[in-house]
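> Before we start, here is the structure in question, set down as C-alpha cells.
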Ligand SMILES: Cc1cc2nc3c(=O)[nH]c(=O)nc-3n(C[C@H](O)[C@H](O)[C@H](O)COP(=O)(O)OP(=O)(O)OC[C@H]3O[C@@H](n4cnc5c(N)ncnc54)[C@H](O)[C@@H]3O)c2cc1C
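In our numbering, the protein residues as written are 76 to 582.
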C-alpha cells in the first residue's frame with residue numbers, strides 16, 4: 076500500500092486525506108498545532124464560543140460531494156443553515172440594507188434603497204451567473220495544467236467566449252458600469268475581499284462571487300463553521316487516516332537530501348529530487364507521496380530549503396492576499412439591530428484599499444465586519460450576551476510592533492457607537508485577538524495572508540501553484556495558496572484535484 080503524508084490538517088489537507096484514504100492509500104496527516112482545522116478553528120472559553128476564521132460558506136455541494144465520495148451521510152454530520160438575511164449593511168450616510176438570501180427579495184431591497192431599476196439589478200445577477208457558467212468548470216474544478224482540462228466542449232466554449240468572462244475590466248469598473256449609486260457599487264465591490272483582493276485592481280471575472288453567494292446560496296452551519304473541521308476530521312479518522320498533532324514538519328526529505336546528506340538510507344537513487352518523507356525534529360516519517368497543505372512559499376523556502384526553482388521564486392514575488400485583524404469579543408447584552416453577519420462600511424472605499432495594498436498600512440477608516448454566531452446558536456454566548464467576531468481587512472505582513480491594537484480597537488468602538496448607538500466600552504467581558512503575524516505563526520501562511528496570493532491582476536489564476544510539483548517527484552499541493560485558491564469550497568476542491576492527480580500520476 077502506497078504511503079502518503081499530508082503536511083497540515085487545514086480543510087484542504089483534510090479533503091485530500093479523506094479522498095486518498097478512500098482510494099486505498101495509507102494516509103498520515105502531520106499537523107503542527109494541537110487541533111485540526113487550520114484557519115477554520117474555534118475558541119471556546121468563559122462561556123463564549125467563536126469560529127476563529129471563516130464565518131460564511133458557499134458552494135455547499137462541494138462539501139456534499141466530499142462526504143458522498145467518502146461514503147458518509149452528510150446529514151449525520153452537518154446541518155446547513157441559510158440565514159434569511161445573509162448580511163446587514165450599514166453605511167456612513169445612515170442607510171441600512173439587508174442582503175436577503177431570497178434573490179427576488181434582495182433585488183427588491185436594492186431597487187428600493189438605491190433607486191435602481193429592478194431590471195438592471197436582475198441583469199447584473201444574470202451577468203454574474205454567466206461568468207460562473209463559463210468559468211467554474213475550467214478555473215475551479217480541475218487541474219489547470221492538464222491538457223484534458225482544456226480539451227473538451229465546455230472549455231472550448233469558455234475559450235471562445237473569453238470577452239464575456241470580463242477579465243479586462245476591474246470589478247469596480249464593471250460594477251460602476253451597471254449602477255449609478257456609489258453605495259450600491261460599494262456593496263458589490265466588497266466581494267473582492269472574499270478572496271483577499273482589491274476591487275479596484277481585481278479583474279471583473281471575480282464578479283462571479285455574487286452569483287455564488289446569491290444564485291447558489293450563502294450558508295452557515297448549526298454549531299458554527301468549526302463543525303465542518305470537526306466533521307471532516309471524524310470522517311478522516313473513520314477511514315483510517317492517522318493524525319499526528321503537535322508535529323511541526325521541519326523538512327520534506329528528498330531521496331538525495333542536500334541539506335542533511337541522507338542518501339535514501341541505503342537505497343539506490345534514481346531520482347534525487349524524489350520525496351521520500353518528512354522530518355519533524357529528529358523523527359523521520361517515510362512516505363511515497365507528500366501532499367503539502369502548508370503555504371506554497373513556506374513549503375519551498377522552509378521545508379525544501381529551496382528559493383531557486385522557478386515556482387519558488389515566482390511565487391514569493393506574487394502579491395499576497397489581504398490579511399485580517401480580528402477581535403473575538405464576548406459582549407454583554409443583546410442587540411437586535413444586528414444580524415448574524417453585518418458590515419459597517421468605510422466612507423472612502425478606494426482610499427481603504429489603497430492603504431491596504433499600496434501603502435501597506437492599517438486603514439484609517441476600516442470597513443468593519445461583525446459576525447455573531449450566537450444569533451443562531453444561543454449556546455455560543457453566556458445568557459444575555461453575544462459573541463462578536465469583529466474583523467477588519469489588513470495589509471499582509473504587518474509587523475506586530477507597528478500595529479497599535481489599542482488605537483484600532485478604540486476606532487472600532489467609536490464607529491460602532493456612531494453607527495449602531497451601542498457603547499461597547501463597558502460591555503466587552505471577554506477578548507481575544509488575532510493579528511496577521513499570529514495568522515502566520517499559527518498556520519504558516521506567509522505574511523498572514525488569508526487566501527494565498529491576491530487576485531489583483533488578471534493573471535493570478537495562472538500564477539497559482541499547480542497541485543502537482545514538476546520539480547519534486549511525488550510532491551503535491553493543496554490549500555488556499557495552491558490552485559484553485561482560498562476560501563472553504565476552493566481549498567476542499569484543491570484537495571480533490573491533488574488526490575485525482577495522485578491517482579493519475581502517483582510518484
Ligand atoms: C479571519 C479569517 C476569516 C475568513 N473568512 C472566510 C469566510 O468567511 N469564508 C471562507 O470560505 N473562507 C474564509 N477564510 C479563509 C479560509 O479560512 C481558508 O481559505 C481555509 O480555511 C484555508 O484552508 P487551508 O487548507 O488552505 O489551510 P489552513 O487553514 O491554513 O491550514 C493549514 C494547516 O497546515 C498546518 N501546517 C502548516 N505548515 C505546517 C508544518 N510545517 N508542519 C505541520 N503542519 C503545518 C497549519 O498548522 C494548518 O493547520 C477566512 C480566513 C480567516 C483567517
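Cβ coordinates follow ideal geometry from the N, Cα and C atoms, glycine included.
#1: From the DSSP output, which residues share a beta bridge with residue 416?
#2: Taking C-alpha atoms, which residue in 545, 520, 398, 259 lies nearest to residue 192?
#3: Can you give me the start and stop residues for the beta strand (DSSP E) that residue 79 sits inside?
#4: Roughly how many angstroms separate the alpha carbons of residue 339 and residue 347, rounded to a whole number?
#5: So, using beta-carbon positions, are residue 121 and residue 505 closer together than 7 Å?
#6: Runs of 4 residues minimum, wholly inside the segment 363–408: which ones carry the alpha helix (DSSP H) assignment?
#7: Give the single residue among 379, 536, 233 whose Cα lies nearest to the Cα of residue 561.
#8: Let me know if residue 564 comes out buried or exposed under the rule of 16 or more other beta-carbons within 10 Å of its beta-carbon.
#9: Is the CB-CB distance between residue 105 and residue 322 below 7 Å?
#10: May I ask you to report which of helix, strand or coil DSSP gives residue 320?
#11: Would you mind working out which of 140, 380, 490 sits nearest residue 168, comparing C-alpha positions?
#12: Please report the distance separating the alpha-carbon of residue 420 from that of residue 171.
#13: Give a yes or no on contact between the segment 226–246 and the segment 123–134, applying the rule of three or more CB pairs nearer than 8 Å.
#14: Beta carbon of residue 115: closer than 6 Å to some heavy atom of ligand 1?
#15: I want to check one thing, is the minimum distance from the CB of residue 535 to the heavy atoms of ligand 1 below 6 Å?
#16: Against chain C, does residue 450 count as a neighbour if the rule is that its beta carbon must be under 7 Å from one of theirs?
#17: Is the beta carbon of residue 129 sitting closer than 7 Å to the one on residue 300?
#18: Candidates 156, 112, 518: which alpha carbon is nearest residue 305's?
#19: Residues in the same chain with beta-carbon distance under 6 Å from residue 213, minus the five sequence neighbours each way, listed in chain order, please.
#20: For the beta strand (DSSP E) holding residue 165, just list the boundary residues, first then last.
#21: Output the boundary residues of the alpha helix (DSSP H) element that contains residue 216.
#22: Can you look up residue 275 in the DSSP assignment and give me helix, strand or coil?
#23: Could you pull out every residue in the same chain whose Cβ sits closer than 8 Å to the Cβ of residue 328, ignoring the five residues on either side in sequence?
#24: Evaluate residue 216 with the Cβ neighbour count: other Cβ atoms within 10 Å of its Cβ, from every protein chain shown; 16 or more gives buried, anything less gives exposed.
#25: Got a sec, what are the start and stop residues for the alpha helix (DSSP H) residue 134 sits in?
#26: Could you tell me the boundaries of the beta strand (DSSP E) in which residue 111 lies?
#27: Keeping to the same chain, check which residues put their C-beta closer than 7 Å to that of residue 381; ignore five residues upstream and five downstream.
#28: Could you please give the first and the last residue of the uninterrupted beta strand (DSSP E) stretch that includes residue 105?
#29: Which whole-angstrom value is the C-beta distance of residue 528 and residue 395, which I expect to be below 8 Å?
#30: Taking the CB atoms as reference points, tell me whether residue 469 and residue 511 lie closer together than 7 Å.
#31: In terms of alpha-carbon separation, which member of 487, 292, 577 lies closest to residue 155?
#32: Where do the N-terminal and C-terminal ends of the beta strand (DSSP E) with residue 326 fall, by residue?
#33: Just the C-alpha distance for residue 583 and residue 100, rounded to the nearest angstrom, thanks.
#34: Going by DSSP, what residues sit across from residue 155 in a beta bridge?
#35: Can you tell me which of 581, 556, 572 puts its alpha carbon nearest to the alpha carbon of residue 220?
#36: Determine, using beta-carbon pairs with one atom in the segment 240–250 and one in the segment 173–185, whether at least three such pairs fall under 8 Å.
With the structure as the only source:
#1: Taking the chain shown and counting its residues from 1, one reaches residue 416 at position 341. The partner list for residue 416 (beta bridge, DSSP) reads 446.
#2: Here residue 192 refers to the residue found at position 117 of the chain shown. Residue 259 is the option with its Cα nearest to residue 192.
#3: What you label residue 79 is simply residue 4 of the chain shown in a count that begins at 1. Residues 78–82.
#4: Here residue 339 corresponds to residue number 264 of the chain shown, with the count starting at 1. Here residue 347 corresponds to residue number 272 of the chain shown, with the count starting at 1. Legend: pLDDT at residue 339 = 47, less than 50; position of this residue unreliable, no value from coordinates given.
#5: Mapped onto the chain shown, residue 121 falls at position 46. Mapped onto the chain shown, residue 505 falls at position 430. Yes. Within cutoff.
#6: Complete alpha helix (DSSP H) runs here, min 4: 385–392.
#7: The sequence position of residue 561 within the chain shown is 486, counting from 1. In terms of CA proximity to residue 561, 536 leads the group 379, 536, 233.
#8: By one-based count along the chain shown, residue 564 stands at place 489. Counting other Cβ atoms within 10 Å of its Cβ, residue 564 reaches 16 or more and is therefore classed as buried.
#9: Your numbering for residue 105 matches position 30 in the chain shown. Your numbering for residue 322 matches position 247 in the chain shown. A distance below 7 Å separates the beta carbons of residue 105 and residue 322.
#10: Counting from one through the chain shown, the residue named residue 320 turns up at place 245. In the displayed model, residue 320 falls within coil according to three-state DSSP, outside both helix and strand.
#11: Against the chain shown, residue 168 aligns to sequence position 93. Checked all of 140, 380, 490; the closest Cα to residue 168 is 490.
#12: The residue given as residue 420 occupies position 345 in the chain shown. The residue given as residue 171 occupies position 96 in the chain shown. C-alpha separation (whole angstroms): 10 Å.
#13: Short answer: they don't touch.
#14: For the purposes of this step, residue 115 is taken as the residue at position 40 of the chain shown. Answer for residue 115: yes, Cβ within range of ligand 1.
#15: Sequence index remark: in the chain shown, residue 535 carries index 460 (1-based). Not under cutoff, so the answer is no.
#16: In the displayed structure, chain C is absent; only one protein chain is listed.
#17: Here residue 129 is taken as the residue at index 54 of the chain shown, counted from 1. Here residue 300 is taken as the residue at index 225 of the chain shown, counted from 1. In contact: residue 129 and residue 300 (Cβ atoms closer than 7 Å).
#18: Start at 1 with the first residue of the chain shown, and residue 305 comes out as number 230. When only C-alpha atoms are compared, the closest one is 112.
#19: Position 138 of the chain shown, counting from 1, holds the residue named residue 213. Cβ neighbours of residue 213 beyond the five flanking positions: 230, 233.
#20: As a position in the chain shown, residue 165 is number 90, starting the count at 1. Residue 165 -> beta strand (DSSP E) spans 160–165.
#21: The residue given as residue 216 occupies position 141 in the chain shown. Judged by DSSP secondary structure, residue 216 falls outside any alpha helix (DSSP H); it is assigned neither H nor E.
#22: Walking along the chain shown from the start, residue 275 turns up at place 200. Residue 275: coil per DSSP, three-state reduction.
#23: The sequence position of residue 328 within the chain shown is 253, counting from 1. Cβ within range, chain order: 335, 337, 350, 351, 352, 353, 354, 359.
#24: As a first step, residue 216 must be located in the chain shown, where it is residue number 141. So residue 216 counts as exposed.
#25: Taking the first residue of the chain shown as 1, we reach residue 134 at position 59. In the DSSP annotation of this structure, residue 134 is not part of any alpha helix (DSSP H), being labelled neither H nor E.
#26: The residue given as residue 111 occupies position 36 in the chain shown. No beta strand (DSSP E) contains residue 111, which DSSP labels as neither H nor E.
#27: Within the chain shown, residue 381 is the residue found at index 306, counting from 1. The residues are 375, 387.
#28: One-based indexing of the chain shown puts residue 105 at position 30. For residue 105, the uninterrupted beta strand (DSSP E) segment begins and ends at 101–105.
#29: Along the chain shown, read from residue 1 onward, the residue named residue 528 stands at position 453. Along the chain shown, read from residue 1 onward, the residue named residue 395 stands at position 320. Taking a contact as a CB-CB distance under 8 Å, the pair residue 528 and residue 395 counts as one, their CB atoms being some 6 Å apart.
#30: The residue labelled residue 469 in the question sits at position 394 within the chain shown. The residue labelled residue 511 in the question sits at position 436 within the chain shown. Yes, Cβ-Cβ distance for residue 469 and residue 511 is below 7 Å.
#31: Here residue 155 is taken as the residue at index 80 of the chain shown, counted from 1. Checking every option, the nearest Cα to that of residue 155 belongs to 292.
#32: What you label residue 326 is simply residue 251 of the chain shown in a count that begins at 1. Per DSSP, the continuous beta strand (DSSP E) segment holding residue 326 begins and ends at 326–329.
#33: Nothing about residue 583 can be reported from this structure: the residues present for the chain run from 76 to 582 only.
#34: On the chain shown, residue 155 is found 80 positions in, with the first residue counted as 1. Residue pairing by DSSP places residue 155 opposite 296 in a beta bridge.
#35: Here residue 220 is taken as the residue at index 145 of the chain shown, counted from 1. Ranking the options by Cα distance to residue 220, first place goes to 572.
#36: They do not touch, by the three-pair rule.
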